[in-house]
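Scroll down for the structure; my scribbles are underneath it.
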Amino acid sequence: MSPHDLPPARSLPAMRKEQLRAALVREAEATPRGVPRARRAPSRRLRLGIAAGTVAAGVCAWTAIGLLAGSDSAYASWTAVPDAVRLSDTTSLAASCEQRLPDGSMGPVGTGKLSPVLAERRGEITAVMLGNDNSAGVCLDGTDSLMAGRSEVPGLSGGEKLSVAGNGGKTNGEDAARYVYGRVSSDVVKVTVGTSDGRHVTATTANGYFFAWWPSGADPVEAEAFNSAGVTVTSVNTSRVPHS
Numbered sequence: 071m072s073p074h075d076l077p078p079a080r081s082l083p084a085m086r087k088e089q090l091r092a093a094l095v096r097e098a099e100a101t102p103r104g105v106p107r108a109r110r111a112p113s114r115r116l117r118l119g120i121a122a123g124t125v126a127a128g129v130c131a132w133t134a135i136g137l138l139a140g141s142d143s144a145y146a147s148w149t150a151v152p153d154a155v156r157l158s159d160t161t162s163l164a165a166s167c168e169q170r171l172p173d174g175s176m177g178p179v180g181t182g183k184l185s186p187v188l189a190e191r192r193g194e195i196t197a198v199m200l201g202n203d204n205s206a207g208v209c210l211d212g213t214d215s216l217m218a219g220r221s222e223v224p225g226l227s228g229g230e231k232l233s234v235a236g237n238g239g240k241t242n243g244e245d246a247a248r249y250v251y252g253r254v255s256s257d258v259v260k261v262t263v264g265t266s267d268g269r270h271v272t273a274t275t276a277n278g279y280f281f282a283w284w285p286s287g288a289d290p291v292e293a294e295a296f297n298s299a300g301v302t303v304t305s306v307n308t309s310r311v312p313h314s
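For the sequence shown, the positions run 71 to 314 when the numbering used here is used.
So, in structure tokens, the structure goes:
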């Protein structure tokens, strides 16, 4: 018999139809039904993972433990020029930060004990940086924020005045924010960062390191270092450091 010579379909008896219908109902009731999850409204909060892309290939382990929000008063209170942090507060911030710094799956980053190298306050948000011979850890704390991370920060090469080790952050949205950090030579007392949206951010500079962040997705375009006489000793094109 060819496929074109199939017999006509037979109609099922009414009793058989009822048996099949009942079986289908039982099977449907026995199968768990998926409960649709409530749709979350898009968050306006920024997860500030300060993941670092270094000039030389390096290991990084950055973790956003908390959030910074563009609508939060702490975020809105940001200032282009940082305020100093008292020594007692720096010690407390450093001790807390060291406990939170992630090792990550890559294991510890750098060698030697991390010690506080700088601290700053921009509005309601404080930052502390810890460093050793070839790595650094950073923690930011605000009213509704908590971030901690660490990465390799190579030392300066002979004759270098400033090197940018990290360039990252969120580039778009109302909660965008960016950052840069790195090393400076002993004669550098001030670093300013120019951004693509026209900001001039004064970094905190101490103990051979600098760090700055700003509430904008604008790229850092230049980091300029000054000596104690206010003379520019070097200017670095930060676009050479890949965004991370």
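Just so it is clear, CB atoms sit at the ideal spot from N, CA and C, and this is done for glycine as well. Quick caveat: nothing in here was measured; it's all calculated off a predicted structure.
Beta-ladder partner(s) of residue i, from DSSP
i: Leu171; result: Bridge partners of Leu171: none, in fact.
i: Asn297; result: DSSP, once it has assigned bridges, lists no residue as partnering Asn297.
i: Leu184; result: Answer is none; Leu184 lacks a bridge partner.
i: Arg156; result: BP columns for Arg156 are empty, so no partner.
Selected residue, minimal CA-CA separation from residue i, among the options
i: Leu157; options: Val263, Leu171, Val187; result: Val187
i: Ala218; options: Asn277, Ala150, Phe296, Ala197; result: Ala197
i: Ala273; options: Trp283, Ser266, Asp267; result: Trp283
i: Asp289; options: Ala146, Thr304, Ser266; result: Ser266
i: Thr242; options: Ala150, Pro285, Gly193; result: According to the sequence displayed, residue 242 carries Asn and not Thr. Cα-wise, what sits closest to Asn242 is Pro285.
i: Val306; options: Thr149, Ala146, Ala206, Val234; result: Val234
i: Leu171; options: Thr304, Thr149, Ser221, Glu194; result: Ser221
i: Gly193; options: Ser256, Ser143, Thr160; result: Ser143
i: Ala44; options: Val301, Ala247, Thr304; result: A question about residue 44 goes unanswered here, because the residues of the chain that appear run from 71 up to 314.
Assigned exposure category for residue i - 16 Cβ within 10 Å defines buried
i: Ser227; result: exposed
i: Ala164; result: buried
i: Val291; result: exposed
i: Val151; result: exposed
i: Ala293; result: buried
i: Val271; result: buried
i: Ala299; result: exposed
Boundaries (first-last residue) of the beta strand (DSSP E) holding residue i
i: Lys260; result: 260–265
i: Asn307; result: Here Asn307 belongs to no beta strand (DSSP E), and DSSP marks it neither H nor E.
i: Ala150; result: Segment: none, Ala150 is in no beta strand (DSSP E) and carries neither H nor E.
i: Arg248; result: 247–254
i: Ala276; result: 274–276
| said: Which runs of the beta strand (DSSP E) at least 3 residues long sit entirely within the region 199–242? Give them in chain order. | reply: Fully enclosed beta strand (DSSP E) runs of 3 or longer: 205–212, 215–222, 232–240.
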